[in-house]
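Engineer: Per the working numbering, the sequence shown starts with residue 637, numbered consecutively.
Glycine is no exception: its CB is placed at the ideal position from the N, C-alpha and C atoms.
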Amino acid sequence: TVNIPEADLTLTKGVDETRPANIGSSVVYTITVSNSGPDAAANVTVTDELPSGLNYLSDDGAGAYDDATGLWTIGAMPNGTTRTLHITARVTATGTITNTATATSPTSDPSPGDESDSVDVSVRQADLVVAKSVDDATPDQGGQVVYTVTVRNDGPETATGVVVADSLPAGLTYVSDDAAGGYDPLSGDWTVGTMV
């Protein structure tokens, strides 16, 4: 009688961003692999290549995850053990981004079909339009000019964390603004916030 080892691997995947994400924001994926036995699983690996629309930032795999190939090398997993990996990525595209992870092992799985899991991140789509004008295009030296900066959201969704960059160039000295503290003359950033 030949005793063939069996290991029931299960993979689940989650993401910390349950609301629509913004372009430029970061999301954290959690991949959990469990071995329900009855034997040890040999040479366990997980494939989790980040799809288009996500840029890799970091992970807590201590070098076991290769962001270039998407391969997470776990190795042997005794019966009853669990391994978890967190991957942080930056969102770079709109729409729905689907990320899939799949665990494999040469050890026979008595209950196949639960070694892969996918999770979706919905990314807001908002068309921001900025316009700028000046009250006097030919001022005298030492005179004051008033710039009017307008930003609007043409949708289709709400934009959050909106910041307009408007640094004054050489030849202009900041005097005041009416943004109630929302404009930082040192950085040139106007923090608008949420725009419906």
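1. With DSSP collapsed to three states, give me the class of A712.
2. Compute the distance between the beta-carbons of V759 and T734, then report whether it is under 9 Å.
3. Measuring alpha carbon to alpha carbon, tell me which of S823, S688, V664 and D745 ends up nearest V680.
4. Would you say the stretch 696-706 touches the stretch 654-663, given that touching needs at least three Cβ pairs under 8 Å?
5. If you compare alpha carbons, which of V787, T809, A795 and G807 is closest to A801?
6. Would the beta-carbon of P792 be found less than 8 Å away from any heavy atom of the ligand ATP?
7. Apart from the five residues just before and just after V828, which ones in its own chain have a Cβ nearer than 8 Å to its Cβ?
8. Would you say V781 and L808 are within 9 Å of each other, going by their C-beta atoms?
9. Taking its Cβ as the centre, do 16 or more other Cβ atoms sit within 10 Å of R719, making it buried, or is it exposed?
10. With 16 as the cutoff for other CB atoms within 10 Å, does S670 come out buried or exposed?
11. Please list the terminal residues of the continuous beta strand (DSSP E) segment that includes D790.
12. CA-CA distance, V638 and S672?
13. I need the straight-line Cα distance from A795 to T830, nearest angstrom please.
14. Give the secondary structure of D652 by DSSP, where H, G and I count as helix, E and B as strand, and everything else as coil.
15. Using a Cβ-Cβ cutoff of less than 8 Å, which residues in the same chain neighbour S752 once the five nearest sequence positions on both sides are dropped?
16. By DSSP, does A725 sit in helix, in strand, or in coil?
17. According to DSSP, is R760 helix, strand or coil?
18. Just the Cα atoms here: how many angstroms apart are P792 and A767?
Structural biologist: With the structure as the only source:
1. strand
2. no
3. D745
4. no
5. Nearest C-alpha to A801: V787.
6. The ligand ATP is not part of this structure, which contains no ligands at all.
7. When the five nearest sequence neighbours on each side are left out, the beta carbons in the same chain lying within less than 8 Å of the beta carbon of V828 are those of V787, V798, V799, V800 and G818, in order along the chain.
8. yes
9. buried
10. A buried status is given to S670, since no fewer than 16 other beta-carbon atoms sit within 10 Å of its beta-carbon.
11. Y783 to P792
12. V638 and S672: Cα-Cα distance of roughly 21 Å.
13. 6 Å
14. coil
15. L647, T736, A737, T738 and A739
16. Strand.
17. coil
18. 19 Å
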